[in-house]
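Some notes on the structure that comes next.
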Amino acid sequence: MTKVLIVGGGHAGANTAFALRKDGFDGEIIIISDEGYLPYHRPPLSKDFLKQNLAVEKMSFKSADFYEEQKISINLDTQINSIDLTSNHAITEDASFNFDYLVFATGAAPRLLPMENADSKNLFYLRQITDVLSMHQQITPHKEIVLIGGGYIGLEVASAMIELGLKVTILEAEERILQRVTSPEVSQFYNDYHSKKGVRIVCNAKVTNLNAENQMINSVSLESGESLAADIVLVGIGAIPNTQLAASIGLECDNGIKTDQYCRTSIPNILAVGDCTSSFNSLYNKEFRLESVPNALAQSKVASSSILGNELFNNEMPWFWSDQYDLKLQMAGLSSGYDECHIIGDTDSAEFIACYGKEGYLIALDSVNQSRQFMLFKKALGNGFKLEMSLIKDKNFQPESIFSGSN
Ligand SMILES: Cc1cc2nc3c(=O)[nH]c(=O)nc-3n(C[C@H](O)[C@H](O)[C@H](O)COP(=O)(O)OP(=O)(O)OC[C@H]3O[C@@H](n4cnc5c(N)ncnc54)[C@H](O)[C@@H]3O)c2cc1C
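The numbering of the sequence shown is full-length UniProt numbering, which starts it at 1 and goes up by one.
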């Protein structure tokens with residue numbers, strides 16, 4: 001019987017198992033996860049689960065019964081430490097698992113702050129359920145929380161903490177928050193929105209010291225000379241793909257395990273999916289790494305298809321969402337290299353779409369509280385439609401017309 005071993009039980013790993021069963025694979029499926037929980041939804045870690053609006057049992061994709069019914073074997077609290085390619089075995093501290101196909105779904109880990117006292121008991125990173133459970137013990141109203149990093153995680157945590165009554169400061173090393181992922185217009189909108197909610201945002205902030213006593217940080221010093229009181233510190237400065245295991249068996253890694261559009265690595269029976277990959281995308285005709293649930297889901301279907309000898313390939317339009325306060329941000333496409341930004345709607349009413357154009361055509365968009373219109377644009381981009389920016393900039397333009405052909 002063919003055996004598929006999946007290393008990692010996150011969105012990509014678990015969904016590869018589900019896709020295999022859905023596609024009719026009747027061999028053995030084993031998931032190895034170094035976490036102690038059944039595969040669960042990661043996005044709520046910085047949203048509802050952080051706010052304690054969601055019980056831990058509600059985080060799981062599926063119940064234990066489901067895995068049993070589907071004959072998907074899950075080994076929790078188990079880490080694969082090495083792989084023996086001569087015998088096709090993956091090895092843990094006290095066991096080994098043989099395989100016909102191996103799928104790397106090892107995800108990413110938070111980038112650590114390389115600084116003295118970064119191991120203090122009130123400094124947190126956000127990646128796993130256990131991170132949030134430890135943080136919950138310290139969250140009480142009126143405490144001062146300092147968030148290092150003004151990316152999605154920092155901003156989502158800021159929104160949750162404001163709702164829970166804490167005093168929030170965001171320290172961003174760059175000139176503006178969200179600098180790596182969006183335009184100055186959208187950064188400004190989020191900067192203003194958070195500020196109105198009471199968040200203090202300090203840009204160009206270089207942290208020089210975490211000042212601690214008895215392993216508890218009490219203040220954070222900046223290069224500017226300012227010192228900020230801190231009861232809790234959360235670091236959200238990006239994530240690094242978990243590629244060490246793949247690299248140890250000679251797989252090529254460059255900001256992710258390199259795969260072709262079929263999620264295959266350079267070793268025929270080894271595939272890779274999700275945050276840990278730098279994968280070839282046929283829609284863009286290039287390889288890149290994404291950190292998003294839709295990417296993990298799309299790649300898991302592709303990996304299943306490849307194992308079964310079918311032809312599905314990775315041509316998914318990159319997209320992502322972020323929830324802060326009452327704002328739903330949805331982004332689609334790759335905006336890097338855009339040469340114009342046109343806003344449809346009104347930033348003052350928090351309902352708008354920022355359209356990014358390059359050489360006259362739409363390449364990406366950021367939508368705030370405009371889900372229905374966002375879906376139309378996303379579908380158009382995903383289907384390879386070439387939408388002229390001049391059309392989008394026309395004041396009579398209606399996104400609905402993209403598919404009705406009335407423009
Ligand atoms: C706080 C937070 C909020 C997010 N919000 C959003 C959002 O709003 N929208 C969105 O689209 N995306 C969001 N993301 C990103 C999204 O969660 C990831 O893109 C997604 O989880 C990737 O799935 P994955 O399976 O590739 O990796 P992961 O979900 O990280 O799973 C990898 C698993 O493999 C395990 N593992 C690693 N090495 C080994 C080993 N050697 N042996 C056994 N197990 C191993 C890891 O511990 C982990 O459990 C968020 C991420 C975080 C952290």
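For each residue, glycine too, the CB sits at the ideal point set by N, CA and C.
Computed from a predicted structure; not experimentally measured.
Any heavy atom of ligand 1 closer than 6 Å to the CB of residue i?
i    : result
H342 : no
D275 : yes
G13  : yes
S279 : no
V293 : yes
I129 : no
R21  : no
R42  : yes
F352 : no
S296 : In the sequence under discussion, the amino acid at residue 296 is Ala, which differs from the Ser named in the question. Result yes, Cβ under 6 Å from ligand 1.
G150 : no
T16  : no
G10  : yes
A246 : no
E93  : no
V7   : yes
I153 : yes
D100 : no
State the start and end residues of the unbroken beta strand (DSSP E) segment that holds residue i.
i           : result
K167        : 167-171
H342        : 340-346
I30         : 28-32
D65         : Element bounds for D65: not the beta strand (DSSP E) but the alpha helix (DSSP H), 64-69.
L362        : 361-368
residue 426 : It is not possible to answer for residue 426, since the shown part of the chain is limited to 1 through 407.
P202        : For the record, residue 202 in the displayed sequence is Val; it is not Pro. Start and end: 200-202.
I307        : That residue, I307, is in no beta strand (DSSP E); its alpha helix (DSSP H) goes 293-307.
F97         : 96-98
residue 490 : Residue 490 lies beyond the stretch modelled for the chain, which goes from 1 to 407, so this question has no answer here.
F104        : 101-104
Mind checking whether residue i and residue j have CB atoms under 7 Å apart?
i    : j    : result
L178 : V202 : no
A12  : G274 : yes
S159 : Y284 : no
E287 : S266 : no
A354 : V186 : yes
V146 : V220 : yes
M278 : I153 : For clarity, residue 278 is Ser in the given sequence; the question names Met instead. No, Cβ-Cβ distance for S278 and I153 is not below 7 Å.
I6   : A105 : yes
I32  : I91  : no
D289 : G337 : Looking at the sequence shown, residue 289 is not Asp but Arg. For R289 and G337, no; Cβs fall outside 7 Å.
A14  : F61  : yes
W319 : K378 : yes
Q330 : F397 : no
Helix, strand or coil: how does DSSP classify residue i here?
i           : result
V181        : coil
F352        : strand
Q215        : coil
G333        : strand
D231        : coil
Q324        : strand
C263        : coil
F273        : Sequence check: residue 273 is Val here, not Phe. Residue state, collapsed to three classes: coil.
S406        : Unreliable placement is indicated for S406, whose pLDDT of 49 sits below 50; the coordinate value is still reported in the next sentence. It is coil, neither helix nor strand.
I148        : strand
A109        : strand
P241        : strand
residue 410 : Residue 410 lies beyond the range of the chain shown here (1 to 407); nothing can be said about it.
L190        : It is worth fixing the name first, because residue 190 is Tyr in this sequence and not Leu. Reduced to three states, the DSSP call for Y190 is helix.
S73         : strand
K286        : strand
K206        : coil
I139        : coil
F385        : coil
A90         : strand
S46         : helix
I162        : helix
So residue i is in the alpha helix (DSSP H); what residue range does that whole segment cover?
i    : result
K22  : 11-22
T130 : 129-136
R372 : 371-382
K393 : 389-393
Relative to the C-alpha of residue i, which residue among the options is closest?
i    : options                : result
K197 : I257, E223, L166       : L166
S367 : I237, D26, K328, L123  : K328
T169 : E351, G225, G150       : G150
Y356 : R372, D323, S390       : S390
N98  : N15, E68, I270         : I270
L38  : F25, A64, K393         : A64
D372 : T259, F385, P399       : A small correction: the amino acid at residue 372 is Arg; Asp does not occupy that position in the sequence shown. When each option's Cα is compared against that of R372, the closest is P399.
S305 : V293, G382, I139, Q261 : Q261
I want to see whether chain D comes within less than 7 Å of residue i, judged by CB atoms only; does it?
i   : result
K58 : Absent here is chain D; the protein component of the structure consists of one chain.
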